[in-house]
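Report on the structure given below.
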Amino acid sequence: MKRCRVVCPFCGAGCVFELVVQNGEVKGLDYVVDHPVAGGALCAKGNAAWQLLGHPDRITTPLIRNEKGWQSVSWDRALDGILGSIMSLRERYGPESVAFLASAKATNEENYMFQKFARLFGSPHIDHCARLCHAPSVVGLRKVFGSGAMTNPISHLALSDCLLIIGSNLAETHPVVAKRIFQAKDRGALVIVVDPRKTATASIADLHVAPLPGTDLLLLGALMKVIIERGYADYPFIGARTVGFEGLEESLRDLEVEKVSRISGVDLGTIVRVAEAYGKARRGSLVYCMGITQHRRGTDNVLSCANLALLCGHIGRDGTGLYPLRGQNNVQGACDMGCLAEFLPGYVPLSDTERSRRFAELWGCERLPSSPGYTAAELPEAIIRGEVRGLVIMGENPVVTDPASGKTAEALKKLDFLALIDLFPTETSKYAHVILPAAAWAEKSGSYTNTERRVQWSFKAVEPPGEAMPDLWTISELGRRAGFWKDCGSAEEVLDEIAEVIPAYGGITSRRLKNSEEGLIWPCPDEAHEGTPVLFKDRFYTDDGLARFTAVNYSEKFPEGTDLFLITGRLGIHYNSGSITRRIENLNRYKPEAEVEINPGCERAEKAVHGKALVKTSSGEACFPLRSSRNLHEKTVFIPFHFPEVNNLTEDVLDPEARVPAYKDTRCSVEIE
Ligand code: SF4
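full-length UniProt numbering applies: residue 1 is where the sequence shown begins, and numbers increase by one.
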């Protein structure tokens, strides 16, 4: 019997637990009582995670599709097939004709080598699913603070006096984080949740504010206006540590709080109460998730959150901070590793020719692509236009997760070549030409970076089934056969290279991670450094060390009238596209299919209690069992997004800066059957 410490494969909280292994098989798990995030607990998903390891649906050999269907082939044939196809596309149409999608579920080392492969291949199109969730956090927080990550550790939520949670249902999406909310409440903190739905998180709040979807930006502006007018702003902090306050004031000058109240549906007294509670708190925390980012103006929403925290001086101290909660276990790491169209590892912009040249030298090529390629959300259009003809996807399922996913499916049909690396057949694999079997998280070693920048080592517990291999081996083989390197080395060696090229990871080695129960929180610039749980204590990561208030435009037209909005979101027992959790019976039986939630106060649902609802948007239509619920705004319908047909309804309208799709901004109509 042995025990192996692993990182949970699901949400970005980064819980760690021990797998109990006997005779090469996982028999169960045990909790790690002292772990700083998990603290001796796991949520339902974490508890059930090991059950997918021996699942009969696992892909166990490389597969090539021919006229008879899928055929098992040798690794040699599959790898040479992939390479032959993408190299021939490169020869005929140029390196821009092939795109690469990395994975927020793969290790740091796998993501680092995957983007390196893409860039050595010469393609500018490397991205991953952070584009679909937190790209506005990367872009917006970098503008204001010089760094686009969570500022404080999760445990600091318990130290806060006022928690303002906007667009996050963390009690379901990041359940272990919720216990910090209870700890804060026990200390007397006020918890405010802003969400059009009365979610599980809203039900543990002291105050639930339910604005009309799409009006968060106005509400954030109104909060700042009240804070300034009533004298709650922290002027000593603003004077000492920021620039651009005048611009913020100017941007708010014409914003009428009464009008915001009318448009958002939040009464004036509540706006003032929230402004007062957060503005006057000694230590305030602002938590947000995709309810803020997945909007037409997702980056402006994030900028407004950052401005609000700066305005009140709630940054750079214990118990304060901004908490963009990441949804997948390594979405932070995949961003750090450079799996983004506009950044090399360590968020080096492609336009930074000097540092780009240094990467090229280290990687042994003449030069790297110098301008950003297509983002994940832009790829389907680029494929339809014929600009992208080949695609290699590591562990993602865009046919379920992309907005207007019907369009994505149509686009994938047009590809000359699609290769997938995955655990299971998915909705996307229908369109693939080659599938490579991947090892799951407990079948390989490597590091993951959680939502609070904590880098942790996950140990291999068992062998992968059949011929499945870790993605690092697969990428190494592809690169070796392409002549990009002899062998990319072990996960430990790749982490050494990461430490060499990303200053924030400079002191993070596998030896330190393996010997640490808690991992290391970046920035950790050298081996003597203990990590940096709280960012910006003394200076922001800008050239002059000062934060930049970044004004946004509040004068644009906002939704009013009778529109009905579709909002999508997560459930506590499912994970992303559902390709894993829909296969775990202990989870799936609680919600095996999508239901549409409608407020009976909505005129279209007045008489409906049971039955079906046909939901129509400009992207498509789909029918779901109906669930009548008073727990959501009358002008919204809610559908959990873990099921294939749901994103066929969302629209592929993008935020102009971060290119995140506006999943939470879809107008819909509903017919009750
Ligand atoms: Fe895993 Fe997240 Fe649940 Fe923790 S909260 S057990 S990381 S899914």
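C-beta: ideal position from N, C-alpha, C; glycine also.
Between which two residues does the beta strand (DSSP E) holding tyrosine 93 run? In the sequence shown, counting from the first residue as 1, residue 93 sits at position 93. Run containing tyrosine 93: none in the beta strand (DSSP E); it sits in the alpha helix (DSSP H), 75-93.
Could you check how far apart the C-beta atoms of residue 678 and phenylalanine 641 are, in whole angstroms? I think they sit under 8 Å. The structure shown does not extend to residue 678, since the chain is modelled only from 1 to 673, so the question has no answer here.
In this structure, does DSSP put glutamine 71 in helix, strand or coil? For the purposes of this step, residue 71 is taken as the residue at position 71 of the sequence shown. Strand.
Quick one: measure Cβ to Cβ for lysine 635 and aspartate 563, integer angstroms, because I've assumed they're closer than 8 Å. The residue you call residue 635 lines up with position 635 of the sequence shown. The residue you call residue 563 lines up with position 563 of the sequence shown. In this structure lysine 635 is in contact with aspartate 563, their Cβ atoms being roughly 7 Å apart against a cut-off of 8 Å.
May I ask whether a heavy atom of the ligand SF4 can be found less than 7 Å away from the beta carbon of proline 324? Here the question's residue 324 lines up with position 324 in the sequence shown. Taking 7 Å as the cut-off, one finds no heavy atom of the ligand SF4 near enough to the beta carbon of proline 324.
In angstroms with no decimal places, state the Cα-to-Cα distance between valine 33 and leucine 415. Your numbering for residue 33 matches position 33 in the sequence shown. Your numbering for residue 415 matches position 415 in the sequence shown. Taking the straight line from one Cα to the other gives about 49 Å.
Excluding the five sequence neighbours on either side, which residues of its own chain have a C-beta within less than 7 Å of the C-beta of alanine 438, listed in chain order? Here the question's residue 438 lines up with position 438 in the sequence shown. Excluding sequence positions up to five before and after alanine 438, its CB lies within less than 7 Å of the CB of Gly395, Ile421, Asp422, Leu423, Ala468, Asp471, all in the same chain and listed in chain order.
Go through the region 513-564 residue by residue and report every complete run of the alpha helix (DSSP H) that reaches 4 residues or more, in order. If only uninterrupted alpha helix (DSSP H) runs of at least 4 residues are considered, none is enclosed by the region 513-564.
Which listed residue (Cys668, Glu671, Thr650) has its alpha carbon closest to that of histidine 295: Taking the sequence shown and counting its residues from 1, the one referred to as residue 295 is at position 295. It is Thr650 whose Cα lies nearest to the Cα of histidine 295.
Spell out a yes or no on whether the region 88-105 and the region 480-498 are touching, meaning 3 or more CB-CB pairs, one atom from each, closer than 8 Å. Short answer: they don't touch.
Would the beta-carbon of glycine 14 be found less than 7 Å away from any heavy atom of the ligand SF4? By 1-based counting over the sequence shown, the position of residue 14 is 14. Checking the Cβ of glycine 14 against the ligand SF4 gives yes.
By how many angstroms is the C-alpha of glutamate 497 removed from the C-alpha of glycine 519? Your numbering for residue 519 matches position 519 in the sequence shown. Your numbering for residue 497 matches position 497 in the sequence shown. Cα to Cα, glycine 519 sits roughly 18 Å from glutamate 497.
Scan the region 196-232 and note each continuous alpha helix (DSSP H) run of 4 residues or more that stays entirely inside, going in chain order. Listed in chain order, they are 200-203, 216-229.
Could you tell me the distance, in whole angstroms, from the CA atom of serine 627 to the CA atom of asparagine 599? Counting from one through the sequence shown, the residue named residue 627 turns up at place 627. Counting from one through the sequence shown, the residue named residue 599 turns up at place 599. Correcting the residue type first, residue 627 is arginine in the shown sequence and not serine. Arginine 627 and asparagine 599 have their alpha carbons spaced roughly 9 Å apart.
Proline 403 to alanine 377 span [Cα, whole Å]: As a position in the sequence shown, residue 403 is number 403, starting the count at 1. As a position in the sequence shown, residue 377 is number 377, starting the count at 1. So the alpha carbons of these two residues sit roughly 8 Å apart.
Check whether the region 221-237 touches the region 188-208, counting contact only when three or more Cβ pairs, one atom from each stretch, lie closer than 8 Å. Contact fails between the region 221-237 and the region 188-208, because fewer than three Cβ pairs, one in each stretch, are under 8 Å apart.
Residues that DSSP places opposite threonine 242 in a beta bridge: Looking up residue 242 in the sequence shown gives position 242. BP columns for threonine 242 point to Ala547.
Give the range of the beta strand (DSSP E) segment to which asparagine 66 is assigned. Your numbering for residue 66 matches position 66 in the sequence shown. Where asparagine 66 is concerned, the enclosing beta strand (DSSP E) stretches over 63-66.
Would glutamate 597 and serine 629 be called neighbours here (beta carbons separated by less than 8 Å)? Indexing the sequence shown from 1 puts residue 597 at position 597. Indexing the sequence shown from 1 puts residue 629 at position 629. Cβ distance < 8 Å, so glutamate 597 and serine 629 count as in contact.
Along the beta strand (DSSP E) that carries tryptophan 457, what are the first and last residues, could you check? Against the sequence shown, residue 457 aligns to sequence position 457. Note, tryptophan 457: beta strand (DSSP E), 454-458.
I'd like to confirm something about glycine 578: is its beta-carbon nearer than 7 Å to some heavy atom of the ligand SF4, or not? For the purposes of this step, residue 578 is identified with residue 578 of the sequence shown, where counting begins at 1. No, the ligand SF4 has no heavy atom inside 7 Å of this Cβ.
Alpha carbon to alpha carbon, how far is threonine 426 from arginine 230? In the sequence shown, the residue the question calls residue 426 occupies position 426. In the sequence shown, the residue the question calls residue 230 occupies position 230. Their backbone Cα atoms lie some 54 Å apart in a straight line.
C-beta atoms of valine 257 and alanine 222 nearer than 8 Å: For this step, residue 257 is matched to residue 257 along the sequence shown. For this step, residue 222 is matched to residue 222 along the sequence shown. In contact: valine 257 and alanine 222 (Cβ atoms closer than 8 Å).
What residues in its chain sit with their C-beta under 8 Å from that of tryptophan 50, if we drop five residues either side in the sequence? In the sequence shown, residue 50 corresponds to position 50, counting from 1. Correct list, in chain order: Leu19, Val26, Gly28, Leu29, Ala442.
How would you call glutamate 493, buried or exposed, if buried means at least 16 neighbouring beta carbons within 10 angstroms? Taking the first residue of the sequence shown as position 1, residue 493 is located at position 493. Result: exposed.
May I ask you to report which of helix, strand or coil DSSP gives alanine 106? As a working note, residue 106 is residue 106 in the sequence shown. Note: alanine 106 maps to coil in three-state DSSP.
For phenylalanine 182, the three-state DSSP class (helix, strand or coil): Position 182 of the sequence shown, counted from the first residue, corresponds to residue 182. Here phenylalanine 182 sits in helix by DSSP.
Roughly how many angstroms lie between the CA atoms of residue 686 and glutamate 387, to the nearest whole one? No statement about residue 686 is possible, as the shown extent of the chain runs from 1 to 673 and does not include it.
Just to confirm my understanding: we take leucine 546, look at its own chain, exclude 5 residues before and 5 after, and list those with CB closer than 7 Å. What are they? By one-based count along the sequence shown, residue 546 stands at place 546. Cβ neighbours of leucine 546 within its own chain (closer than 7 Å, five residues either side excluded): Arg241, Thr242, Val243, Phe540.
Reference asparagine 169, options Ile580, Arg570, Ser669, closest by Cα: Along the sequence shown, one-based indexing puts residue 169 at 169. Selected option, being the one with the closest Cα: Arg570.
Rounding to the nearest angstrom, what Cα-Cα distance links proline 372 and histidine 125 in this structure? Within the sequence shown, the letter at position 372 stands for residue 372. Within the sequence shown, the letter at position 125 stands for residue 125. One C-alpha to the other measures close to 7 Å.
Just mark tyrosine 590 as buried or exposed, buried being the case when its beta carbon has 16 or more other beta carbons within 10 Å. Looking up residue 590 in the sequence shown gives position 590. By the neighbour-count criterion, in which 16 or more other beta carbons inside 10 Å mark a residue as buried, tyrosine 590 falls on the exposed side.
Span separating the alpha-carbon of aspartate 318 from that of alanine 658: Your numbering for residue 318 matches position 318 in the sequence shown. Your numbering for residue 658 matches position 658 in the sequence shown. In a straight line, the C-alpha of aspartate 318 is about 29 Å away from that of alanine 658.
Could you spell out where the beta strand (DSSP E) holding residue 683 opens and where it closes? Outside the shown range of the chain, which is 1 to 673, sits residue 683, and nothing can be said about it.
On the DSSP bridge list, what partners appear for methionine 469? Here residue 469 refers to the residue found at position 469 of the sequence shown. Looking at the DSSP assignment, methionine 469 forms a beta bridge with Ala438.
Is cysteine 339 a contact residue of the ligand SF4, with contact defined as CB to any heavy atom under 7 Å? Start at 1 with the first residue of the sequence shown, and residue 339 comes out as number 339. For cysteine 339, the shortest C-beta to heavy atom distance toward the ligand SF4 is 7 Å or greater.
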